[in-house]
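*Asks:* In mature numbering (1 follows the signal peptide of the UniProt record, and there is no 0), the protein residues as written are -34 to -1, 1 to 315. No residue lacks a Cβ here, since even glycine has one placed at the ideal position from N, Cα and C.
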């Protein structure tokens, strides 16, 4: 499908701006020459809004308890709902390129997780994975999208998605795990063995971005210096919050063993799509086959060659194509718990 040149440039610029994360940076593709000629003064927030519009999304907020959620929503509301969960130090905008292919056919919701993007939480907010999962459930209920929900998660977002699907098997229609973190037997990267190593990927000073790009991407492309400078400023400003989340990931690793984590995974009833970058340096690709071996209803893992930890940014078209095929396949399937759910909530006679 072809796009108008100006839309391509908007998409590219916005991806370079806030679709980056400490564990994810946008590749520079054939639009590089156009981007290098961008004027010195750029209204970044406007560019972000333009990309969301390009993806068929609009920006919304919803207060639920102490959390003021910022999220993107798009697609027909009478269609099945997809919830897309971003990764560590990232934001909802990492999903924009994939969401563009989803919004014509599905109702899409993409929240900024607590302490990420524009979602607001109290200073002492509990950022542990179990609490964030519980807060996400409250958001889902307040948005009235809990029934037959299709959930996709990338990196730490995949970990949260697994916890959610394990705790709410009645309501989870399908699960999509992409480069997902967790406590696995096949772990062979420092970042999984000891999550404190993730702090090496924090962008805390000028020059850190190049190091991070080399770690999270298979190939580091050219990026216009004006854009890279703005990226680093944004990441530096969020680095303290990111460090707090890394501490909570470390705490999770001390709470679970590979055996107890596997026990949690076995509670997941939803059909599951697994997708990985073959050159992922953060969560090794072997984890994809381990997930297939322990989940109840997994598809064969999809492994993308010449892709690192960020398939949703490095190869969004391939991600979307595979995900749409999976979604179309699973929508007619019956949740094995659906009858039990109806019995549970039917009034007693």
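(1) Taking buried to mean at least 16 other C-beta atoms within 10 Å of its own C-beta, is residue 197 buried or exposed?
(2) For residue 127, verify whether its CB is less than 7 Å away from any heavy atom of the ligand SAM.
(3) For a quick check, are the C-beta atoms of residue 36 and residue 92 less than 8 Å apart?
(4) In this structure, does DSSP put residue 151 in helix, strand or coil?
(5) Would you kindly work out how many angstroms separate the C-alpha atoms of residue 33 and residue 177, rounded to a whole number?
(6) Return the chain-ordered list of same chain residues with a C-beta closer than 6 Å to the C-beta of residue 152, the five sequence neighbours on each side being excluded.
(7) Using DSSP with H/G/I as helix, E/B as strand and the rest coil, what is residue 218?
(8) Going by beta carbon distance, what residues of the same chain come within less than 6 Å of residue 66, once the five residues before and after it are set aside?
(9) So what does DSSP say about residue 101, is it helix, strand or coil?
(10) Let me check one thing: in DSSP terms, what residues is residue 238 bridge-paired to?
(11) Taking the C-alpha atoms as reference points, what is the distance between residue 295 and residue 114?
(12) Counting C-beta neighbours from all protein chains within 10 Å, is the total for residue 124 16 or more, i.e. buried, or is it exposed?
(13) Under the rule that 16 or more other beta-carbon atoms within 10 Å means buried, what is residue 225, buried or exposed?
(14) What did DSSP end up calling residue 210 once you bin it into helix, strand or coil?
(15) On the three-state DSSP scale, how would you describe residue 45?
(16) Residue 336 to residue 241, Cα distance in whole Å?
*Replies:* So, from the listed chains and residues:
(1) Per the 10 Å Cβ criterion, buried.
(2) Annotation note on the ligand SAM: not contained in the displayed structure, which lists no ligands.
(3) no
(4) Looking at residue 151 - three-state DSSP - the assignment turns out to be coil, as it is neither helix nor strand.
(5) Roughly 33 Å separates the two Cα atoms.
(6) 252, 253 and 256
(7) Note: residue 218 maps to helix in three-state DSSP.
(8) 21
(9) helix
(10) 141 and 264
(11) Going from the Cα of residue 295 to the Cα of residue 114 covers about 14 Å.
(12) Buried, by the Cβ-count rule.
(13) exposed
(14) helix
(15) In this structure, residue 45 counts as coil in the three-state DSSP scheme.
(16) Any property of residue 336 remains undetermined from this structure, which presents the chain solely from -34 to 315.
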